[in-house]
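Heads up, the sequence shown is in the working numbering, so the first residue is 271 and it goes up one at a time. By construction, the Cβ of each residue, glycine as well, lies at the ideal position given by its N, Cα and C atoms. As the structure is a computational prediction, the values presented were derived from the model and not from experiment.
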Amino acid sequence: MENAHQRKKAPELIRHKILEHAIQLASEKGVAGVSIQAVADLAGVTKGGVFHHFSNKQKLLDAMVHEVLLRLDQAIDAYMQNDPEAIGSFTRAYIYFTLQDDHSGIGALWSAISMTMLTDHAFNTNWLQWLHGRLARHQQTDSGMELQILRYAADGVWLNVFACSESTQEMLRMRQELLHRTYMKQ
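This is the structure in C-alpha cells:
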C-alpha cells in the first residue's frame, strides 16, 4: 500500500476506486462478502480511507447498488437504442439483462445484488423505485398486460436459475422464447 502522505490527493478517483472494488467483491462473493477491510485492501487505502468516503458499510452498499442500477440503466438504454421496434423495447431489454449469461459484466453485477434486493428492505426499495421509474418512462411502449407477464416470467426463470434448478442452456432457450413473444400482437 502506498503511503497516504506521499500519494497525490484525488478524492473522486479514490472514491471511484473504492466503489469499483466493492462492486468487484460483490460480483465475486455476493453482497455478504463485501467487508470494509477487503475493499480497503483491494483499493490500496486504509479502512479509515474507506470511511472517509462512506461513513459506514451500509452507505458503501447503497452507493454500490446505485452504481449498479446506473450501469443497468445505461446498458438497457443502449440495448433499446438498437431495437428497431418501439413497442416492447424496454421489456426486451429487461428480459435480456435479467436472463444474462454474462458472468463478468453487468450480468455478474446484477446477480450479485439481485438476491439481496429480494431479502433486504432497503435494497428492495431502491429496486422498486428504479423499476417503477423505468416503467413510467416506457408507459407508451411497455404497459400492456402481456408484456408485464413476460417480465414476470423472466423474473421466475432467473429465480429458478439462481436456485440452480435450471441450466444456463435452458435459461438462454427461455430468454429467446420470451424475447420472441414480445413481438407478438399486443
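When you compare each of Val431, Asp343, Thr389, Glu290 to Arg407 by their alpha carbons, which one comes out closest? Asp343
For Lys299, name the three-state secondary structure that DSSP assigns. helix
Rounded distance between the beta-carbons of Leu331 and Val301, thought under 8 Å: 6 Å
Of the listed residues Ile288, Tyr349, Asn394, Leu295, nearest to Leu379 (C-alpha basis): Leu295
Can you find a heavy atom of the ligand HEM that lies under 7 Å from the Cβ of Met350? This structure lacks the ligand HEM, and indeed carries no ligand of any kind.
Over the uninterrupted alpha helix (DSSP H) stretch that includes Asn394, give me the two end residues. 391 to 407
Could you work out which residue in Ile383, Ala313, Thr411 is closest to Arg341 when comparing CA atoms only? For the residues Ile383, Ala313, Thr411, the minimum Cα distance to Arg341 belongs to Ile383.
Thinking just about the alpha-carbon of each residue, which of Pro281, His322, Met444, Glu298 is nearest to the one in Gln370? Met444
Using a Cβ-Cβ cut-off of 6 Å (strictly less than) and excluding sequence neighbours within five positions of Leu339, which residues of its own chain qualify? Trp400
Would you grab the beta carbon distance between Leu289 and Ile365 for me? Rounded to a whole angstrom, and I think it's under 8 Å. The Cβ separation is near 28 Å, so there is no contact.
Pick helix, strand or coil for Gln370, following the three-state DSSP scheme. coil
Output needed for Phe367: all residues of its chain with C-beta closer than 8 Å, excluding positions within five of it in sequence on either side, in chain order. Leu342, Ala345, Ile346, Tyr349, Ile376, Gly377, Trp380
Just checking my contact of Ser359 with Thr411 at CB under 8 Å: how many whole Å lie between their CB atoms? 6 Å
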